[in-house]
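Down below is the structure, laid out as structure tokens.
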Amino acid sequence: MSTLLPTSVSSALTPGTYIYGLLHTPTSITTISSDDCIRHLDATTLSLLPDGLIQNAHRSVTCLEPISASAETYATAGRDGLVKFWDRRTGKSGMGIESPNNTPLSALACSPDGRAVVAGTELEKDGPGDAPVFVWDTRNPNVPVLLLPDSHTDTITTLSFHPSHPHILLSGSTDSLVNVFDTRKPDEEEALYQVINHSSAIHHAGFLNETDIYALGTDETLSFYQLQSEDDSVVEPAPKALGDVREGMGLEYVVKVMEVGGEACVVGGSHSSQYLDLIPLRRPTGDLPLNWAYDVGERVRLPGGHGEEIVRDVYSDAPSRTTYTGGEDGSVRAWKLADADEMDVSEGDGLQSKKAKKEKNRDKEERRKHKEKKKERFKPY
1135 MSTLLPTSVS
1145 SALTPGTYIY
1155 GLLHTPTSIT
1165 TISSDDCIRH
1175 LDATTLSLLP
1185 DGLIQNAHRS
1195 VTCLEPISAS
1205 AETYATAGRD
1215 GLVKFWDRRT
1225 GKSGMGIESP
1235 NNTPLSALAC
1245 SPDGRAVVAG
1255 TELEKDGPGD
1265 APVFVWDTRN
1275 PNVPVLLLPD
1285 SHTDTITTLS
1295 FHPSHPHILL
1305 SGSTDSLVNV
1315 FDTRKPDEEE
1325 ALYQVINHSS
1335 AIHHAGFLNE
1345 TDIYALGTDE
1355 TLSFYQLQSE
1365 DDSVVEPAPK
1375 ALGDVREGMG
1385 LEYVVKVMEV
1395 GGEACVVGGS
1405 HSSQYLDLIP
1415 LRRPTGDLPL
1425 NWAYDVGERV
1435 RLPGGHGEEI
1445 VRDVYSDAPS
1455 RTTYTGGEDG
1465 SVRAWKLADA
1475 DEMDVSEGDG
1485 LQSKKAKKEK
1495 NRDKEERRKH
1505 KEKKKERFKP
1515 Y
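Throughout, the working numbering is defined as the position within the sequence shown, counted from one, plus 1134.
This is how it looks when you write it as structure tokens:
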């Protein structure tokens, strides 16, 4: 187990104010919070930047997503039914989108190519009911180019795009369904590509790679599914269900599944013991598709976490080897390794201790030598 220690903490907000989400750029952190403010913080000191406070960004802000890869431009959404686009460098809002009938918005995603923005709705009353998903073309956002009104019957909690196919959209809802759509199609009936029933309300869901999908329930159940093949003759593997992962991972709640240095990990914490853990997910190997497994032995711990309060969002920046957390205590915290040589989180290595990496490299070297010996012995001609 490796340990991260706090290096800086932002000024606490008014008691009872939560940090909902955060974005990272090379020089700043952008946050949204329950006081409906956007804040731009210095990435090193976490102090508020000059002109870094945007008040009344929404009436009940809910979502924060990057538009550009650098996150210098980003989008927000709220229960006021608005999607707003912002430039961090100016602190001003540019283009805005209004959802049909000012429907409250609870989920947001921007396509990797920046051409589409998608928002999901919050059902104000207990379901079932209408919980549409709206797809807009950012070049002409006056009306949705695709309306998906019937595929979910409760609040949309998560939206994400396929990592390499920006027309493939994934949605998750508290109705327990994860749906996959082809947004090139003209209507919902043709666009709906795959339906996954996780059997519990969806907290987060997304793509782990080109073919594998994860779903995390509000009851902390974690399962893995395969994206349906366009070839009907392909037999899909059975889903891999890990069940409630809290006991096995030593957690009391799960924040999210995210990528760290090219490797997926589960992020979760403990109220009573006051820590946050990043636990790597190991990829399937050999002939066992979807055989994802968590590796608690390689966990990275953030002791103290946000005290007894829940951590709402986490981001790990591989180049600076810094992890940022935002919580219900109203603060943002920056964390670094207690021993800079203890962990390698460079791009492509994921969460991996130096020891584990050395062992892995040693194993590779042994296999290489073994192959060379076999080549030396095998001389049929």
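All C-beta atoms, glycine included, are put in the ideal place defined by N, C-alpha and C.
(request) In angstroms with no decimal places, state the Cα-to-Cα distance between Thr1137 and Pro1414. (result) When the Cα atoms are used, Thr1137 and Pro1414 turn out to be separated by approximately 14 angstroms.
(message) So, at 8 angstroms on beta carbons, what are the nonlocal neighbours of Tyr1409 in its own chain, with the 5 sequence-adjacent residues on each side left out?
(response) Counting only Cβ-Cβ distances below 8 angstroms, and skipping sequence neighbours, we find Gly1403, Arg1435, Leu1436, Pro1437, Gly1438, Gly1439.
(request) Use the C-beta contact count for Thr1419: other C-beta atoms within 10 angstroms, 16 or more gives buried, fewer gives exposed. (result) By the neighbour-count rule (16 or more Cβ atoms within 10 Å), Thr1419 is not buried but exposed.
(request) Report the residue from Leu1293, Ile1330, Ser1168, Ser1454 whose alpha carbon sits nearest the alpha carbon of Arg1193. (result) Closest option to Arg1193, judged by alpha-carbon separation, among Leu1293, Ile1330, Ser1168, Ser1454: Ser1168.
(request) Report the residue from Val1448, Leu1187, Phe1268 whose alpha carbon sits nearest the alpha carbon of Asp1321. (result) Asp1321 has its Cα closest to that of Phe1268, out of Val1448, Leu1187, Phe1268.
(request) Return the chain-ordered list of same chain residues with a C-beta closer than 8 angstroms to the C-beta of Pro1300, the five sequence neighbours on each side being excluded. (result) Only Ser1245, Pro1246, Asp1247, Arg1249, Ala1250 meet the Cβ criterion.
(request) Look at the Cβ atom of Gly1261, then the Cβ atom of Thr1287, and state whether they are nearer than 9 angstroms. (result) Yes, the Cβ-Cβ distance between Gly1261 and Thr1287 is below 9 angstroms.
(request) Go ahead and pull the three-state DSSP assignment for Arg1380. (result) Correct three-state label for Arg1380: helix.
(message) With H, G and I counted as helix, E and B as strand and the rest as coil, what does DSSP make of Asn1313?
(response) Under the three-state reduction of DSSP output, Asn1313 falls in the strand class.
(message) What would DSSP say about Val1431, mapped onto helix, strand or coil?
(response) The question names Val, but residue 1431 in the sequence shown is Gly. If DSSP states are grouped into helix, strand and coil, Gly1431 belongs with the helices.
(request) Return helix, strand or coil for Glu1323, following the three-state DSSP convention. (result) Residue state for Glu1323 is assigned as helix, using DSSP reduced to three classes.
(request) Could you spell out where the beta strand (DSSP E) holding Gln1360 opens and where it closes? (result) Unbroken beta strand (DSSP E) run through Gln1360: 1355 to 1360.
(message) Could you tell me the alpha carbon to alpha carbon distance between Glu1393 and Asp1365, rounded to whole angstroms?
(response) Going by C-alpha positions, Glu1393 is about 29 angstroms away from Asp1365.
(message) Using a 10 Å radius around the Cβ and a threshold of 16 neighbouring Cβ atoms, would you call Arg1273 buried or exposed?
(response) So Arg1273 counts as exposed.
(request) Report the residue ranges of all beta strand (DSSP E) runs contained in full by the segment 1182 to 1222; include only those spanning at least 3 residues, in chain order. (result) Complete beta strand (DSSP E) runs here, min 3: 1182 to 1188, 1195 to 1200, 1207 to 1212, 1216 to 1221.
(message) Given a cut-off of 9 angstroms on the beta-carbon distance, is the pair Ala1335 and Thr1352 in contact?
(response) For Ala1335 and Thr1352, yes; Cβs fall inside 9 angstroms.
(message) If you measure between the beta carbons of Thr1292 and Ala1265, is that distance less than 9 angstroms?
(response) Cβ atoms of Thr1292 and Ala1265: not closer than 9 angstroms.
(message) Helix, strand or coil, according to DSSP, for Pro1278 in the structure here?
(response) Pro1278: coil per DSSP, three-state reduction.
(request) Would you mind working out which of Ile1330, Ala1209, Gly1431 sits nearest Asn1313, comparing C-alpha positions? (result) Checking every option, the nearest Cα to that of Asn1313 belongs to Ile1330.
(message) Going by DSSP in three states, Pro1283 sits in which element: helix, strand or coil?
(response) In the three-state reduction of the DSSP assignment, Pro1283 falls in the coil class.
(message) Taking the beta carbon of Gly1228 as the centre, do at least 16 other beta carbons fall within 10 Å, making it buried, or is it exposed?
(response) Gly1228 is classed as exposed because its beta carbon has fewer than 16 other beta carbons within 10 Å across all chains shown.
(request) Kindly indicate which three-state DSSP category Asn1343 falls into: helix, strand or coil? (result) Here Asn1343 sits in coil by DSSP.
(request) Using a threshold of 9 angstroms, state whether the C-beta atoms of Val1143 and Arg1467 are closer than that. (result) If you check the CB distance, Val1143 and Arg1467 come in under 9 angstroms.
(request) Check the DSSP bridge columns for Thr1456 and list the partner residues they point to. (result) Answer by DSSP bridge pairing, in chain order: Asp1451.
(message) Let me confirm a value: Arg1223 is counted as buried when at least 16 other C-beta atoms fall within 10 Å, else exposed. Which label applies?
(response) By the neighbour-count rule (16 or more Cβ atoms within 10 Å), Arg1223 is not buried but exposed.
(message) Please return the same chain residues whose Cβ sits closer than 6 angstroms to the Cβ of Leu1376, not counting the five positions on each side in sequence.
(response) Leu1356.
(message) On the DSSP bridge list, what partners appear for Ile1302?
(response) Beta-bridge pairing by DSSP links Ile1302 to Asp1316.
(request) State the beta-bridge partners of His1338 as determined by DSSP. (result) Assignment of beta-bridge partners to His1338 by DSSP yields Leu1350.
(message) Can you give me the C-alpha to C-alpha distance between Ala1203 and Pro1297, rounded to a whole angstrom?
(response) Looking at the two C-alpha atoms, the distance is approximately 13 angstroms.
(request) Kindly indicate the opening and closing residues of the beta strand (DSSP E) around Tyr1154. (result) For Tyr1154, the enclosing beta strand (DSSP E) covers residues 1153 to 1158.
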